[in-house]
Amino acid sequence: MRNIPYDKLERKIQYSFKNRDFFLQALTHRSMGGEHNERLEFLGDSLLGMFIAEALYEQFPKVSEGDLSRMRATLVRGQTLAEIARDFELGDYLRLGPGELKSGGFRRESILADAVEAIIAAVFLDSDMATCKTLVLNWYQPRLNTIEPGVSQKDPKTQLQEWLQGRRLPLPTYEVIEVTGQAHNQKFTMSCVVEGAEHATQGVGTSRRKAEQDAAKKALEAIHAANK
Numbered sequence: 103m104r105n106i107p108y109d110k111l112e113r114k115i116q117y118s119f120k121n122r123d124f125f126l127q128a129l130t131h132r133s134m135g136g137e138h139n140e141r142l143e144f145l146g147d148s149l150l151g152m153f154i155a156e157a158l159y160e161q162f163p164k165v166s167e168g169d170l171s172r173m174r175a176t177l178v179r180g181q182t183l184a185e186i187a188r189d190f191e192l193g194d195y196l197r198l199g200p201g202e203l204k205s206g207g208f209r210r211e212s213i214l215a216d217a218v219e220a221i222i223a224a225v226f227l228d229s230d231m232a233t234c235k236t237l238v239l240n241w242y243q244p245r246l247n248t249i250e251p252g253v254s255q256k257d258p259k260t261q262l263q264e265w266l267q268g269r270r271l272p273l274p275t276y277e278v279i280e281v282t283g284q285a286h287n288q289k290f291t292m293s294c295v296v297e298g299a300e301h302a303t304q305g306v307g308t309s310r311r312k313a314e315q316d317a318a319k320k321a322l323e324a325i326h327a328a329n330k
């Protein structure tokens, strides 16, 4: 096993574990075999959602449930979690099996995001709710300071649908173009067809939903470019 300076990562995340077994499990991908971080990820996902929901509820007392939900979705989505992971240089500390390591798993957004959620759960189990909440909100403070309610929080599929509905145009259709990879590590390619558009757009993602969002984002970009 690599000689990894986990104390350096503890300084980066601003928490020192009393029981480092929790920390090591949070950093262990299922490709390593044995005890891995998926159960911790499950718990961390729920904790994160609760912490962010409460923070937004207190920060925006007059904002609607819909806007609060969209802001929360933006803050807890895989892309945001992966950005936080990269801030910590978390990929350098992940415990991956040989195949996952060789394929660049330490850079993969989904693996980085899952590890952040697992670390949140590990901190909770190693300390208490208040300590965990304070730590997580500290990580998120720059994003909480800049996020605002509004249309920009809507995901690309919702934005595209509302743009078309506002002009009484048919809704887009999404089709699977290609699915590659093994069952636990698939890559989806989806097309988004908008009636009247010159070309269909294609999106790629680690799930069908993510690929559809990517295709919708590109369709929106094409529409805005054509209407300039």
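When the letters of the sequence shown are read in order and numbered with my numbering, they come out as residues 103 to 330.
All C-beta atoms, glycine included, are put in the ideal place defined by N, C-alpha and C.
So, are the CB atoms of LYS114 and PHE190 less than 8 Å apart?
-> yes
Simplified DSSP state of GLY305, which is helix, strand or coil = strand
Count the C-beta pairs between the region 240 to 258 and the region 277 to 288 that are closer than 8 Å, then say yes if the count reaches three, no if not.
-> no
Within 8 Å, strictly: CB atoms of LEU196 and HIS138 = no
Meets three-Cβ-pair contact criterion under 8 Å: the region 152 to 161 and the region 231 to 239 = yes
6 Å Cβ shell around ASP228 - same chain, five flanking residues per side excluded | PHE119, LYS120, ASN121, PHE124
Apply the 10 Å Cβ neighbour rule to MET103 and answer buried if 16 or more other Cβ atoms are within range, or exposed otherwise.
-> Low confidence applies here, because MET103 scores a pLDDT of 43, under 50, leaving its location unreliable; read the following figure in that light. By the C-beta density criterion, MET103 is exposed, having fewer than 16 other C-beta atoms within 10 angstroms.
For LEU78 versus LEU322, is the C-beta spacing smaller than 8 Å?
-> In this structure the chain extends from 103 to 330, so residue 78 is not present and cannot be described.
Taking just the CA atoms, how far does VAL165 sit from LYS235?
-> 22 Å
Is the distance from the Cβ of LEU149 to the Cβ of ILE222 below 8 Å?
-> yes
Where DSSP assigns a beta bridge to ARG210, which residues make up the other side?
-> BP columns for ARG210 are empty, so no partner.
Boundaries of the alpha helix (DSSP H) in which TRP160 is found, first to last residue | Looking at the sequence shown, residue 160 is not Trp but Glu. Here the alpha helix (DSSP H) through GLU160 covers 140 to 161.
With 16 other CB atoms within 10 Å as the buried threshold, where does ALA171 fall?
-> For the sequence presented, residue 171 should be read as Ser rather than Ala. Label assigned to SER171: exposed.
From ARG209 to GLY193, what distance separates their C-alpha atoms?
-> 6 Å
Please confirm whether GLY146 and ALA220 have their CB atoms less than 8 Å apart.
-> Contact flag set, yes.
Member of PHE153, ARG141, ILE186 whose CA lies at the smallest distance from the CA of LEU111 = ILE186
Under the DSSP definition of a beta bridge, which residues are partnered with MET292?
-> Its beta-bridge partners are VAL278, GLY305.
In three-state terms, what does DSSP make of ARG172?
-> Looking at ARG172 - three-state DSSP - the assignment turns out to be helix.
Apply the 10 Å Cβ neighbour rule to PHE144 and answer buried if 16 or more other Cβ atoms are within range, or exposed otherwise.
-> exposed
Measure the CB-CB distance between SER133 and GLY180 and report whether it falls below 8 Å.
-> Not a contact, by the Cβ cut-off of 8 Å.
Express the C-alpha separation of ARG188 and LEU214 in angstroms, rounding to a whole number.
-> About 8 Å.
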